[in-house]
Structures are given as C-alpha cells and as structure tokens.
Amino acid sequence: MTEIERDTIVVGLGAWGSAALWRLAARGIDVAGIERYGIGHPLGSTHGTTRLFRIACQEHPGLPPIALTSLRLWRELGEETGEVYVRQTGFLGVGSPTSTPVAGAIAAARSAGVPLERLSHEELAARFPTYGGLAGDEVAVIDPQAGICYPERFVRGHVAAARRLGADVYPHTMVTAIEPGTDRIRLRTPTVDFLARRIVLALGAWLVKYVPELPLQPRRTPMYWFRPRQDATGAYDLAHFPGFIRALPDGTLLWGHGSAEGFDIKIGPGDEAGFFRDTDADEVDRYVHQDTDIAPLSRLVERAFPGLDPQPAKVIPCMVTNSPDGQFLVGPLISDPRIVVAGGDSGHGAKHAAGLGELIARLVVGEEPYTPIGFLDPNRFATAPAGLPSR
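So in my numbering, the last one in the sequence shown is 795, and the numbering has no gaps at all.
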C-alpha cells in the first residue's frame with residue numbers, strides 16, 4: 405500500500421474543513437486535505453447557493469467575534485480572487501418583543517457592540533408590506549451589517565487558496581479507518597494510506613461515525629426556494645426583502661431572504677416546526693415529499709408572505725448536525741489531543757466558517773485563540789472515550 409506522509413491532514417473539505425485547510429496552509433504548514441466527494445459537492449451541509457450571515461448572533465454571545473473574523477478573512481480573500489463571499493444587505497428579526505428573533509438579536513447586538521434599528525409594529529407594516537398576517541404585537545429589529553454568504557463559492561475559494569499556498573488536495577477519497585499510532589496517525593483509504601502527526605476531522609454529518617463518543621445527531625433539512633405571484637414581481641428581490649428570521653404568532657420560526665443574481669426567494673422553517681428528521685448521513689432520504697416536505701411549509705408561507713406563490717419552485721434536501729446544547733464542537737479530543745474535531749453546526753455554521761477555520765488552525769499549531777472558545781470545547785459532553793472505529 406502506497407503511503408503519503410504530511411504534518412497535518414484535514415479530513416472533510418466542506419465549509420469548516422476547507423477553511424481550516426486554507427488557514428493552515430497560510431501558516432506554511434505541510435498540510436493536505438481529503439474529501440470523499442468533489443469540492444463544493446451537494447451531498448452534505450454546504451450547498452444551496454446561499455446562507456444567512458449575521459454578526460449579532462442570537463445563538464451565543466461568544467459567536468460574534470467568530471463571525472467578524474469570517475467577514476474579515478472573506479473580504480481579504482475576495483480582494484485576492486475578485487469573488488464576493490459575503491453580501492451585507494441587512495437583516496430583520498421579526499416577532500413579538502420577547503421573541504428570540506427580536507429579544508435575542510437585541511441581546512446579541514449589545515454583546516457584540518453592533519448597532520440595530522428598531523421598528524414599531526406600524527413601521528414594520530409600512531416599510532415591509534410583503535409581511536402578511538402580522539399580529540398586533542409584532543415588531544422588528546434591523547441589523548445593517550448582516551446579509552448573506554455563499555457556501556459553495558467560499559468552499560471552492562478556500563480550497564483554491566490553500567492549493568496556491570502549497571496544500572495538497574485529494575477529492576473523491578474516502579477515509580475508511582483512523583488508526584492513532586505512537587508517532588503518527590494512519591488514515592486508511594481504498595487506494596493509499598496517509599500518515600500525519602495531527603489531523604482535523606471536519607466531517608459534518610459523518611463526524612459521529614468516526615468519533616461516536618460525540619453526542620451529535622444528523623438531521624435531514626430540506627431547503628426551499630419560492631417565486632412571487634405575478635402581481636408581486638420585484639417586491640421580493642433582495643433589496644426589498646432582505647434576510648430575516650420571523651417568529652410567527654404560534655412560535656414557529658421562518659427564515660430566508662429575497663431573490664438576486666439568478667437565485668429565487670429562499671425560505672425555510674425552524675427545527676421546531678417538525679420538518680427536520682433524524683437521519684444517517686449515508687442513508688439520508690434525498691427524495692422530496694409533497695405531504696411532509698412541501699405542503700406544511702406552503703401553508704406557513706401563504707400566511708406569512710401572501711405575495712409569494714406558496715408552491716416552492718425548488719426543494720433540495722440538506723443536513724444539519726445538532727449538538728445537545730446547539731453549540732459547535734471545535735477543539736482537540738481529550739482522548740487524543742492530536743485529533744482536532746470540528747462539528748455540530750446545529751444549523752448556523754456557515755456564517756462562521758472562515759473564522760472557525762482560523763481558530764482550528766490556531767488550535768492545531770498551538771497558537772492562542774483570538775477569542776474565548778470554552779463554550780465550543782468538544783469534551784464538555786465527554787464520558788469514557790470510545791475510540792475511533794473503522795468504517
């Protein structure tokens with residue numbers, strides 16, 4: 405069996421792994437990246453053209469510095485490549501004053517030092533007439549620094565940058581076993597063995613198959629795109645219908661953004677709406693079902709945004725991987741500190757990809773993290789280490 409030896413190997417080149425490869429290569433590390441599919445593929449969690457980008461992240465007060473680092477790094481990479489990886493078009497949090505999209509955004513903005521604009525119920529209805537079925541207590545906050553990011557584009561950008569900096573990349577290569585030895589960690593594939601002093605496992609929904617001690621649950625999560633009714637053309641473009649999270653009066657969350665650059669209006673439900681189902685990453689249902697995937701969301705969209713055709717123009721299955729507390733798991737394993745894991749995106753990982761790649765690179769080479777990351781420690785759920793199985 406042929407052997408390839410590198411100082412560090414990143415396994416999984418989606419949003420986080422590709423960023424880690426880039427940031428390690430930027431430090432001159434002898435690094436390689438392995439991806440079981442193609443670069444920017446549609447089979448994991450990093451596809452679907454766009455994701456929301458927010459700095460005032462309501463999921464945890466420790467996240468804004470990571471989002472800001474992503475913004476800086478993507479701007480720097482964009483200056484080099486001529487590509488746009490983040491588009492700051494503004495963002496609305498809509499709901500009752502105590503709802504997560506409103507109260508959570510206010511708390512996150514205060515923690516991050518991000519200015520928000522507040523809209524009363526009357527101002528919301530006047531400025532955004534596309535919002536239908538507004539309850540009398542629904543208000544909004546606007547984060548002008550937020551917007552959208554482009555996951556497939558930045559994955560390709562990360563990997564291309566890493567290659568320019570000397571990294572080797574092995575697409576269409578599946579790691580079948582991880583064997584930690586005394587001096588090196590052996591990664592087995594059907595055609596070649598890789599040896600490394602350190603590895604990064606950024607495997608998305610597949611991570612729990614390689615590190616079963618991590619309490620991660622992959623979930624099937626369809627993505628949806630809609631088009632306006634004939635008389636609403638133009639009202640739902642990105643300039644007039646920016647990114648949003650809206651808590652409906654019954655507590656159901658909807659999120660999305662308007663159309664631009666050839667893509668349609670994107671709207672999706674929150675996990676509490678019952679659309680997401682536990683899955684196995686190798687056996688995920690990639691069919692789309694009218695009764696369970698489409699019809700329930702169509703009813704919500706018709707009520708919340710009556711100017712849209714409630715029948716989606718396109719639906720694509722995706723996956724998120726939830727952790728028990730909804731926070732990422734990023735850091736070295738207590739069972740083997742040579743192995744850095746990066747997983748548990750919990751549905752909000754794309755906006756933090758470049759910033760997490762920088763953190764992962766710092767953890768790998770022993771640099772100080774640029775922000776406190778104790779809340780991301782993967783060992784916070786640790787019991788007895790279960791070891792690393794073969795696939």
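A virtual CB, placed ideally from N, CA and C, is assigned to each residue, including glycine.
Integer-rounded CB distance, given that residue j should sit under 8 Å from residue i
i	j	result
S474	A758	4 Å
A419	V559	6 Å
D541	P501	7 Å
R455	A754	4 Å
G537	R707	5 Å
I433	V744	So it is not a contact: roughly 13 Å between Cβ atoms.
P776	G437	Actually they are not in contact, since the Cβ atoms of P776 and G437 sit about 28 Å apart, beyond 8 Å.
A512	Q462	5 Å
Under 8 Å between C-beta atoms of residue i and residue j
i	j	result
G442	H576	yes
A392	L520	With the chain covering 405 to 795 only, the question about residue 392 has no answer from this structure.
R631	D713	yes
P782	G730	no
T453	E556	yes
D668	A717	yes
G499	V506	yes
V435	A571	yes
W659	G678	no
R590	V579	no
P802	D697	Missing from the structure shown is residue 802; the chain here goes from 405 to 795 and no further.
G733	L618	According to the sequence as given, residue 733 is Leu; it is not Gly. Closer than 8 Å, so yes.
L599	E480	no
F709	T534	yes
G517	R633	no
M405	D597	yes
D689	P721	yes
H464	F779	yes
Y628	L704	no
P773	R766	yes
D641	A664	yes
Buried or exposed by the 16-neighbour rule on C-beta atoms within 10 Å, applied to residue i
i	result
A699	exposed
G497	buried
M723	buried
A544	buried
A788	Note that A788 has pLDDT 42, beneath the 50 cutoff, so the model's placement of it is unreliable and the number below is only indicative. With fewer than 16 other Cβ atoms within 10 Å, it is exposed.
S794	With a pLDDT of only 43 at S794, under 50, the local geometry of the prediction cannot be trusted, and the value read off the model is given with reservation. S794 should be labelled exposed.
Y574	buried
D797	For residue 797 there is no data in the structure shown, the boundaries of the chain being 405 and 795.
R514	exposed
P728	exposed
Y691	exposed
G444	buried
R624	buried
H752	buried
H756	buried
P594	exposed
P468	buried
A368	No answer is possible for residue 368: the residues shown for the chain start at 405 and end at 795.
G791	In this predicted model, G791 has a pLDDT of only 49, less than 50, meaning its place in the structure is not dependable; the value taken from the coordinates is given anyway. Exposed, by the Cβ-count rule.
G674	buried
E439	buried
D749	buried
H451	buried
H693	exposed
G662	buried
G551	buried
G747	buried
F568	It should be pointed out that residue 568 corresponds to Arg in this sequence rather than to Phe. R568 should be labelled exposed.
A471	buried
Beta carbon proximity, residue i to chain C, threshold 8 Å
i	result
Y614	The question asks about chain C, but that chain is absent: this structure has only one protein chain.
Where are the beta strand (DSSP E) runs, 3 residues long or more, that stay fully inside the stretch 417 to 444, in chain order? Listed in chain order, they are 435 to 438.
Kindly provide the ranges of any alpha helix (DSSP H) runs that are 4 or more residues long and lie completely inside the stretch 437 to 514, ordered along the chain. Listed in chain order, the complete alpha helix (DSSP H) runs (minimum 4 residues) inside the stretch 437 to 514 are 468 to 485.
My parser needs the alpha helix (DSSP H) runs of 4 or more residues fully inside the stretch 609 to 637; what are they? Look at the stretch 609 to 637 and you find these whole runs of alpha helix (DSSP H), each 4 residues long or longer: 611 to 614.
Are the stretch 728 to 741 and the stretch 553 to 571 in contact at 8 Å, needing three or more beta carbon pairs? Remark: fewer than three beta-carbon pairs, one from each stretch, lie closer than 8 Å, so the stretch 728 to 741 and the stretch 553 to 571 are not flagged as touching.
Using 8 Å as the threshold, is the stretch 642 to 662 in touch with the stretch 485 to 503, meaning 3 or more CB pairs across them? Note that the stretch 642 to 662 touches the stretch 485 to 503; at least 3 beta-carbon pairs, one per stretch, sit closer than 8 Å.
Quick check: the stretch 421 to 435 against the stretch 602 to 615, are there 3 or more CB pairs under 8 Å? As far as the Cβ criterion goes, the stretch 421 to 435 touches the stretch 602 to 615, which means the pair count is three or higher.
Please determine if the stretch 752 to 768 and the stretch 425 to 439 are in contact, where contact requires at least 3 C-beta pairs separated by less than 8 Å. Counting C-beta pairs closer than 8 Å gives three or more between the stretch 752 to 768 and the stretch 425 to 439, which meets the contact rule.
Can you give, in chain order, each stretch of the beta strand (DSSP E) that sits fully within the stretch 564 to 592 and has at least 3 residues? Runs of the beta strand (DSSP E) inside the stretch 564 to 592: 572 to 574, 581 to 584, 589 to 592.
Three or more beta-carbon pairs under 8 Å between the stretch 597 to 604 and the stretch 407 to 414, yes or no? The stretch 597 to 604 is in contact with the stretch 407 to 414.
Fully enclosed by the stretch 666 to 717, which beta strand (DSSP E) runs are 3 residues long or longer? Correct list: 669 to 673.
3-residue-minimum beta strand (DSSP E) runs that sit fully inside the stretch 717 to 789, ordered along the chain: Correct list: 718 to 726, 733 to 736, 743 to 747.
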